[in-house]
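Asker: Chains as they are written, first to last, in UniProt numbering: chain A, 1 to 317; chain B, 1 to 438.
Quick one: the structure is below, questions incoming.
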Amino acid sequence: MAAVYKSLSKSSSKEDKETESNGAVERKNKQRVLILSSRGVTYRHRHLLNDLAAMLPHGRKDAKFDSKSKLYQLNELAELYNCNNVLFFEARKGKDLYMWFSKVPNGPTVKFFAQNLHTMEELHFQGNCLKGSRPILSFDGAFESEPYLRLIKEVFMQTFGVPQGARKSKPFIDHVLSFSVADGKIWVRNYEIREVERAKGETGNDDGDEQQEKKSSKSGHKGGKDTDINLIEIGPRFVLTPIVIQEGAFGGPIIYENKRFISPNKIRAELRRAKAGRHVARMEQQREALARRKQLGLEDGKMKKDPAGLDTRDLFA
Amino acid sequence: MAKKSATQSPKAGSKLKSQAVNGKSAEKKKDNSRRKSAKQPTVEKMVVDNEELEESSSEDEVPEANGKKEEPRSDESSEEDSGSDRDSSDGSGDEGFGHIDIEAIDDSESESELDSDGEDERVKITKQDDSEDDGEGEDDEEEEIDVDELEPEDEEDEEQIAAGTRVRQTINNKEALLTSLRRFALDTDPKTVPFAFHQTVVSSKRTEDSIPSVEDDLQRELAFVNQALEAARQGRALLRKEGVPFTRPTDYFAETVRSDETMQKVRAKLVEEATAKKAAAEARKQRDLKKFGKQVQVQKQLERAKQKREALEKINLLKKKRATNGSSTLGATEADDLFDVAVDNELNASGASKKRKSPGDGKGERNAKRQRKDAKYGFGGKKRFSKSGDAISSGDLSGFNAKKMKSGSFGGGGGGKKKGVKAARPGKSRRKSMAAKR
């Protein structure tokens, strides 16, 4: 009897505690990301990995992982480093890059094919930001439309979003990480937020924003009350095509598979075949031409002898 | 616990697959019954025990996924499998019909195994099953999904068949996706959770709608920037409202993502680009000017020709006038008439008004170079005999010096020279200087 009472009271008190904690906004978003690649990455992939690692102060970069088939071993590795996210770069054939995002230990796992990589080193990006500042994550409206996109959004949020109070994070916000869906792919961009003096002619342009800013300035924030935001790209940029979502962490049933994704190997093979096709067609044509000539008795070098016996040697024999 | 479940999950999947292969229908019925019981408590269990949920949910989802996997092996045509896909996705879409639909799939499978007549018949059969079990609502839904999902996929199929590739299926198990999402999603309810907790902004509209063509880099990037800009504005407003520092103070220095070295390079490249652009613009301007200069020259020639023509016309006109009127009326002398003074006067009078005023009388200023040359070489006048002597030059005795004549050193006589007196005539430079002294 006493045990029953105890358990009951315990559960009730637990509930109370939960509600209290909800009220007091004592929330902990503890994320750690294990960032690593397989063997056989190119320098570009490696630089992209480094860029992402630089952007994620809650990340833990590890040495190259040796296997491409036994990915479930990553679970143990992540546990070893106290990570609950894994960002794994799988390089195939020294050119194709697949990116795995996984929530360890309970899943899900999302596998992407990465294309159009541009690293931060490239000179056409002019922006810069603090190392480890928390980004604002900007998601396309399309991310709310489909369940698989919602799931991907959540995974990105936990992987790329620097948790509040992360160890090496900086207290100011100076970049936006944007994810957009277009053409069935996810396009990732990283922009610096640069606050510039608002031009005087522009004030009529967005009144709502202005008012908001006025409010905020009233609430006691100095600095940049009269500034507008400019975005300057920092890099890196890449495009991700979702391929597969698994329910577990590097395992489990497949709950999403993208039919529209065609493997780069297939595309390359197709190109090669098309190229070979031209040769085959030409040879075919040649063969046909030869056959036709044969039919007409025009085989080269073997003209038929005149049947009427009008050869000079015959005539003047 | 975490480790255990992590290692378990792939195993569980494979085990279930093999089961499904062995005894399909029997297994599924069992699953369905289990599924019914497992369906309701999933949400509560989630909080209580992850491991248990892992198992139960995987059992939930596996048969469906397997069902889809098996089908293309049994019947080859891809249209058929997409049709059954649709069925199963329906089943996963709404919980109430889950049980019935899987049976329908079973039926359809057995049908296709028995006789692979054609798709139409099979679809009819499944439809009948549905209507027997529960009303017309299901049918409508099926048709809707028909229109939405099948069209693009059919195209894909054709492409892929043409390409001769393995047919990749679209598995889109919405229910499983949502349960999985619920399991690990963070709470981002804007009412209870501060924005600074997650800093995530979902834009109101789809970015793809504002991209006319994905191939167009400029338009596409602009759309992305606009999306990010909206998010940045919104985020800044929200963060300020919550009192979270946003703007970096100017005296806050810390390590940046891109090193100073890289930024130096970027800046150098910018400068280089700017100068290159400037130089190109300059060159273009020069080219244009050249082209334009030629035009100006042509214009000027035309103008001159026109002027000349006008002048000639005027002269002719005047001559005619004078011829008709008679010279005596104007009171001009014979000589005037001879040299057309009146015409000249007329021309000058009309020309003076047109021409810009020139300094001096008629001639105008010569340019500096001409002036210098004139001073050096002379200008105008008779050139002939300019160096020969005349009365004036012979009368000019300024160069004569009696002493010099007496000294004998200068032009002492032909005899002296012959005797071999050296340096009778000084060198050229000395002669020159002597001439200058004189």
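Ideal placement from N, C-alpha and C gives every residue a C-beta, glycine not left out.
On a Cα-Cα basis, can you pick out the residue from ASN265/A, PHE172/A, ASP62/A, LEU310/A that is closest to ARG240/B?
Answerer: Within the second sequence, residue 240/B is the residue found at index 240, counting from 1. The shortest C-alpha separation from ARG240/B is found at PHE172/A.
Asker: Report the rounded CA-to-CA distance for MET99/A versus ALA114/A, giving the unit in angstroms.
Answerer: The residue given as residue 99/A occupies position 99 in the first sequence. The residue given as residue 114/A occupies position 114 in the first sequence. Spanning the two alpha carbons is a distance of roughly 7 Å.
Asker: For SER433/B, count neighbouring C-beta atoms within 10 Å of its own C-beta (all shown protein chains included) and say buried if the count is 16 or more, exposed if not.
Answerer: The residue you call residue 433/B lines up with position 433 of the second sequence. By the neighbour-count rule (16 or more Cβ atoms within 10 Å), SER433/B is not buried but exposed.
Asker: From the DSSP output, read off the bridge partner residues of TYR98/A.
Answerer: Looking up residue 98/A in the first sequence gives position 98. Partner(s): GLU90/A, PHE113/A.
Asker: Taking all protein chains shown into account, do 16 or more other C-beta atoms lie within 10 angstroms of the C-beta of residue 318/A, making it buried, or fewer, making it exposed?
Answerer: Residue numbering for chain A in the displayed model covers 1 to 317; residue 318/A lies beyond these limits and cannot be assessed.
Asker: Mind reading off the beta-carbon distance from GLN31/A to GLN164/A? Whole number of angstroms is fine, and I expect it under 8 Å.
Answerer: Looking up residue 31/A in the first sequence gives position 31. Looking up residue 164/A in the first sequence gives position 164. Their Cβ separation, rounded to whole angstroms, is 10 Å, which puts GLN31/A and GLN164/A out of contact at 8 Å.
Asker: Mind checking which residues open and close the alpha helix (DSSP H) that includes ILE315/B?
Answerer: In the second sequence, counting from the first residue as 1, residue 315/B sits at position 315. Per DSSP, ILE315/B belongs to the alpha helix (DSSP H) from 260-325.
Asker: Output yes if chain A places a C-beta closer than 8 Å to the C-beta of THR262/B; else output no.
Answerer: Counted from its first residue, the second sequence places residue 262/B at position 262. Closer than 8 Å: yes.
Asker: Since VAL110/A and ILE152/A should fall inside the 8 Å C-beta cutoff, what is the C-beta to C-beta distance between them, to a whole number of angstroms?
Answerer: For the purposes of this step, residue 110/A is taken as residue 110 along the first sequence, with counting starting at 1. For the purposes of this step, residue 152/A is taken as residue 152 along the first sequence, with counting starting at 1. Right, their Cβ atoms sit about 6 Å apart.
Asker: Helix, strand or coil for residue 473/B, going by three-state DSSP, please let me know.
Answerer: Look at the range of chain B in this structure, 1 to 438, and you will see that residue 473/B is not part of it.
Asker: For a contact defined as C-beta to C-beta under 8 Å, what are the partners of ARG134/A on chain B?
Answerer: Your numbering for residue 134/A matches position 134 in the first sequence. Those within 8 Å of ARG134/A in chain B are GLN199.
Asker: State the Cα-Cα distance for the pair PHE160/A and ALA281/A, rounded to the nearest angstrom.
Answerer: On the first sequence, residue 160/A is found 160 positions in, with the first residue counted as 1. On the first sequence, residue 281/A is found 281 positions in, with the first residue counted as 1. Whole-angstrom Cα-Cα distance: 51 Å.
Asker: Apart from the five residues just before and just after ARG236/B, which ones in its own chain have a Cβ nearer than 6 Å to its Cβ?
Answerer: Taking the first residue of the second sequence as position 1, residue 236/B is located at position 236. Scanning its chain for C-beta atoms nearer than 6 Å, with the 5 sequence neighbours on each side dropped, one finds around ARG236/B the residues PHE246, in chain order.
Asker: Short of 6 Å in beta carbon distance, which residues of its chain neighbour SER232/A, apart from the five on each side in sequence? Order them along the chain.
Answerer: Counted from its first residue, the first sequence places residue 232/A at position 232. A quick correction: the sequence has Ile, not Ser, at residue 232/A. The residues are GLN126, GLY127, GLU192, ARG194.
Asker: For chain A, is any of its Cβ atoms less than 8 Å away from the one on VAL202/B?
Answerer: Numbered from 1 along the second sequence, position 202 holds the residue referred to as residue 202/B. Chain A contact via Cβ: present.
Asker: So what does DSSP say about ASN401/B, is it helix, strand or coil?
Answerer: Here the question's residue 401/B lines up with position 401 in the second sequence. Coil.
Asker: Give the residues of chain A in contact with ALA254/B, contact being defined as C-beta atoms less than 8 Å apart.
Answerer: In the second sequence, residue 254/B corresponds to position 254, counting from 1. Correct list: LEU130, LYS131, LYS170.
Asker: So the candidates are SER213/B, GLU242/B, LYS290/B; which of them puts its Cα closest to the Cα of VAL193/B?
Answerer: Stepping through the second sequence from its first residue, residue 193/B is reached at position 193. Among SER213/B, GLU242/B, LYS290/B, the Cα nearest to that of VAL193/B is on GLU242/B.
Asker: Tell whether a beta-carbon distance below 8 Å holds between LYS68/A and SER38/A.
Answerer: What you label residue 68/A is simply residue 68 of the first sequence in a count that begins at 1. What you label residue 38/A is simply residue 38 of the first sequence in a count that begins at 1. The answer is yes: Cβ separation under 8 Å.
Asker: List the residues of chain A that THR170/B touches, going by C-beta distances under 9 Å, in chain order.
Answerer: As a first step, residue 170/B is located in the second sequence; it is residue number 170 there, counting from the start. Those are TYR256, GLU257, ASN258, LYS259, ARG260, listed as they occur along chain A.
Asker: Would you report the Cα separation of LYS93/A and GLY40/A, rounded to the nearest angstrom?
Answerer: Taking the first residue of the first sequence as position 1, residue 93/A is located at position 93. Taking the first residue of the first sequence as position 1, residue 40/A is located at position 40. Taking the straight line from one Cα to the other gives about 8 Å.
Asker: Grab the span of the beta strand (DSSP E) containing GLN246/A for me, first residue to last.
Answerer: Here residue 246/A refers to the residue found at position 246 of the first sequence. Start and end: 237-246.
Asker: Select from LYS103/A, LEU34/A, PHE88/A, PRO105/A the residue whose C-alpha is nearest the C-alpha of LEU97/A.
Answerer: As a first step, residue 97/A must be located in the first sequence, where it is residue number 97. That would be PHE88/A, whose Cα lies nearest to the Cα of LEU97/A.
Asker: Among VAL244/A, LEU310/A, GLU197/A, whose alpha-carbon lies nearest the alpha-carbon of ILE229/A?
Answerer: Here residue 229/A corresponds to residue number 229 of the first sequence, with the count starting at 1. Considering only alpha carbons, the answer is GLU197/A.
Asker: Would you call the segment 258-272 of chain B in contact with the segment 138-149 of chain A, where contact means no fewer than 3 C-beta pairs closer than 8 Å?
Answerer: no
Asker: Chain A partners of ASN367/B, CB-CB under 7 Å?
Answerer: Position 367 of the second sequence, counted from the start, is the residue given in the question as residue 367/B. None at all; the shortest Cβ gap to chain A is about 51 Å.
Asker: Within the 8 Å Cβ cut-off, does SER102/A reach chain B?
Answerer: Taking the first sequence and counting its residues from 1, the one referred to as residue 102/A is at position 102. So, not an interface residue.
Asker: Going by beta carbon distance, what residues of the same chain come within less than 8 Å of ALA53/A, once the five residues before and after it are set aside?
Answerer: Taking the first residue of the first sequence as 1, we reach residue 53/A at position 53. ILE35, GLY59, LYS61.
Asker: In the DSSP output, what is LEU34/A paired with across the bridge?
Answerer: Counting from one through the first sequence, the residue named residue 34/A turns up at place 34. According to DSSP, which records beta bridges pairwise, LEU34/A is partnered with ARG60/A, VAL86/A.
Asker: Does DSSP classify LEU196/A as helix, strand or coil?
Answerer: Taking the first residue of the first sequence as 1, we reach residue 196/A at position 196. Leu is not the amino acid found at residue 196/A; the sequence shown has Val there. If DSSP states are grouped into helix, strand and coil, VAL196/A belongs with the strands.
Asker: Does the beta carbon of GLU80/B come closer than 8 Å to any beta carbon on chain A?
Answerer: The sequence position of residue 80/B within the second sequence is 80, counting from 1. With a pLDDT of only 40 at GLU80/B, under 50, the local geometry of the prediction cannot be trusted, and the value read off the model is given with reservation. Closer than 8 Å: no.
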